[in-house]
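Visitor:
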Amino acid sequence: MATVPLLLLLCAYVAIDPFKVLRWHDDPFADRLGLNKGMLSVQAYEKGLSSGRKYDSFIMGSSVSCAYLSEEWVRYLPYGSSPLHMDSSGQTVSTLRKYLEYLESSGAPLRNVLIVFAPEIFGIEYDCENLSVLVPPAVERGGVRYMLSFHYKYFMGFANYRYISPLLVYEFTGRREKVTDVPVFSMQPICYDWEINEESVPEWDMILDKDPALLHEKSSYDFSFTHDTPYTRLATLIDNDEKSDLEAIAALLARNRSDYRVLLAPTPKLYLLSYEDESVLSGIFGDRFVNVSGKFRAEQSDSSNFYDTIHYRSRLASKYMQAAYIR
Numbered sequence: 014m015a016t017v018p019l020l021l022l023l024c025a026y027v028a029i030d031p032f033k034v035l036r037w038h039d040d041p042f043a044d045r046l047g048l049n050k051g052m053l054s055v056q057a058y059e060k061g062l063s064s065g066r067k068y069d070s071f072i073m074g075s076s077v078s079c080a081y082l083s084e085e086w087v088r089y090l091p092y093g094s095s096p097l098h099m100d101s102s103g104q105t106v107s108t109l110r111k112y113l114e115y116l117e118s119s120g121a122p123l124r125n126v127l128i129v130f131a132p133e134i135f136g137i138e139y140d141c142e143n144l145s146v147l148v149p150p151a152v153e154r155g156g157v158r159y160m161l162s163f164h165y166k167y168f169m170g171f172a173n174y175r176y177i178s179p180l181l182v183y184e185f186t187g188r189r190e191k192v193t194d195v196p197v198f199s200m201q202p203i204c205y206d207w208e209i210n211e212e213s214v215p216e217w218d219m220i221l222d223k224d225p226a227l228l229h230e231k232s233s234y235d236f237s238f239t240h241d242t243p244y245t246r247l248a249t250l251i252d253n254d255e256k257s258d259l260e261a262i263a264a265l266l267a268r269n270r271s272d273y274r275v276l277l278a279p280t281p282k283l284y285l286l287s288y289e290d291e292s293v294l295s296g297i298f299g300d301r302f303v304n305v306s307g308k309f310r311a312e313q314s315d316s317s318n319f320y321d322t323i324h325y326r327s328r329l330a331s332k333y334m335q336a337a338y339i340r
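Take any residue in the sequence shown, count from 1 to its spot, add 13: that is its number in this note's numbering.
1. So, at 8 Å on beta carbons, what are the nonlocal neighbours of residue 293 in its own chain, with the 5 sequence-adjacent residues on each side left out?
2. Looking at residue 100: is its Cβ nearer than 9 Å to the Cβ of residue 210?
3. Here's the rule: buried if 16 or more other CB atoms are within 10 angstroms of the residue's CB, otherwise exposed. What is residue 157?
4. Going by DSSP, what residue range makes up the beta strand (DSSP E) through residue 208?
5. Just curious, the beta strand (DSSP E) that residue 299 is in, first and last residue?
6. So, at 8 Å on beta carbons, what are the nonlocal neighbours of residue 85 in its own chain, with the 5 sequence-adjacent residues on each side left out?
7. Would the region 96-112 and the region 50-58 be scored as touching if the rule is three or more Cβ pairs under 8 Å?
8. Could you tell me the distance, in whole angstroms, from the CA atom of residue 207 to the CA atom of residue 135?
9. Taking residue 166 as the reference, give the member of 314, 324, 49 and 297 with the closest Cα.
10. If contact is defined by three or more beta carbon pairs under 8 Å, each pair taking one atom from either stretch, is the region 300-318 in contact with the region 259-276?
11. When you compare only the Cα positions, how much space is there between residue 25 and residue 168?
12. For the pair the region 69-87 and the region 217-232, tell me if three or more CB-CB distances fall below 8 Å.
13. Between which two residues does the alpha helix (DSSP H) carrying residue 183 extend?
14. Among the residues of its own chain, which have a CB less than 7 Å from the CB of residue 291, if the five just before and after it don't count?
15. Looking only at its own chain, which residues have a Cβ that is under 8 Å from the Cβ of residue 222, when we skip the five neighbours before and after it?
Shown next, in the form of structure tokens:
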């Protein structure tokens, strides 16, 4: 008899597909359910190819790379370039390498690549239990065993009462309520363009333009940095494994004859990489490595430039891109 409720749960999971990992959804952010952005990036890429798009330019990185708008980036690219965001939440250096290898194996012409780093990304270990950052099967290329493990983790996440309880309230009433301690719904009112896999939050931009405190107070973010607050230089973070991944990335871009930039952007937390780590990046990528993490100091003290203590607005990303391409 235990198989009956299990089958019912499985049917509900397949019907709802709350994590958007089973199939394509035309408006994946409409329900504000948390999803795997890496999987969405892969789905958007493959849907674009099947629709006749011929992507040749890619913005890579974690969620901070969402701020780099394609319409701004193409100004620095050859005429006719076709861009796509290939970002994923919490993208480590190792997972970045895998996404680039996935694109290469799919036959993508990697003519132009913009890699966006934040100082905090280095030294982070991949969390194989975090559903929002799991590497999609197509990217991991781990065969049937990995694919089954991937989908099993999502199903078990769904079958947890603390997740399914607020989800069912939403499905039957349309209300997004915090019934349990599990964060089922995202706060972000995201607008999405699937053809370039690009996100924006114009509603939040309007709030930041009028009164940043209205947004930050709701989220309990601390923007106490003043113009006198000093930078914090981090301890050395890049170990031998991460250095090896960075070297593999450089080799992949070289054999594809990519015109690329590796951009180390500022963070509102005022972090700088250690001199040793900056030297590693410079040594591997040469003049393609652009470090602006210690620049734009005045902008870092303007709370209207940030959604939270990690993510900045596209108006800042525009300045960082300009610094990367016009030197």
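We treat Cβ as the ideally placed atom computed from N, Cα and C, and that holds for glycine.
Guide: According to the structure data:
1. 251, 256 and 259
2. yes
3. exposed
4. Where residue 208 is concerned, there is no enclosing beta strand (DSSP E), given that its DSSP letter is neither H nor E.
5. It is not in any beta strand (DSSP E) - residue 299 carries neither H nor E in the DSSP assignment.
6. 327, 330, 331 and 334
7. yes
8. 29 Å
9. 49
10. yes
11. 10 Å
12. no
13. 174-186
14. 304
15. 317
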